[in-house]
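Here this note's numbering is used: the sequence shown runs in plain steps of one and ends on residue 312. I have placed the structure first, in the form of structure tokens, so that the comments after it can refer back to it.
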Amino acid sequence: MNNKQYRQGDLLLTYVQHRPKGTPTHSLDILTSSVTGHSHTLTAGQIFVNEPNWEDNANFYVMVPEGAQLVHAEHAAITLPEGVYKVVRQREVTGYVRD
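Written as structure tokens, this is what we have:
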């Protein structure tokens, strides 16, 4: 069983044991930066979206075959074991002010 997590930049992929619900997208780009234009892209597989709003950090999954990679121009490629992964976008927070 795969119980690992994989991080590339602001994306965290966590292995899950269930098939994703939702609609498969026609692209292998998980996320494209509005600043640089660089994408986090799968080399093979499918992306499933239930709610395409990244603010929810929910219902966004990738299903990858054996040997698929997650690639990005500014990060090292990650080889993902076959399986289904929940994708969570994590943002760097600076200047946090506590009341």
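We put the beta carbon where it would ideally sit given N, CA and C, even for glycine. In this text the structure is predicted, and so the values were computed from the model without any measurement.
Best match in 241, 234, 262 for proximity to residue 256 [C-alpha to C-alpha]: Among 241, 234, 262, the Cα nearest to that of residue 256 is on 241.
Span of the beta strand (DSSP E), counted from its first residue to its last, around residue 259: 259-262
Reduced DSSP secondary structure (H/G/I, E/B, other) of residue 230: coil
Among 222, 288, 261, 217, the one whose alpha carbon lies nearest that of residue 276: 261
Neighbourhood of residue 299 by C-beta, 6 angstroms cutoff - its chain only, sequence neighbours within 5 removed: Setting aside the 5 residues that flank it on each side, residue 299 is surrounded in the same chain by 227, 229, 274, each with a C-beta closer than 6 angstroms to its C-beta; the list follows chain order.
Alpha carbon of residue 270 to alpha carbon of residue 301, nearest angstrom: For residue 270, the predicted model reports a pLDDT of 49, less than 50, meaning its position is unreliable; a value from the coordinates is still stated below. Approximately 5 angstroms between the Cα atoms of the pair.
Simplified DSSP assignment, three categories, for residue 282: strand
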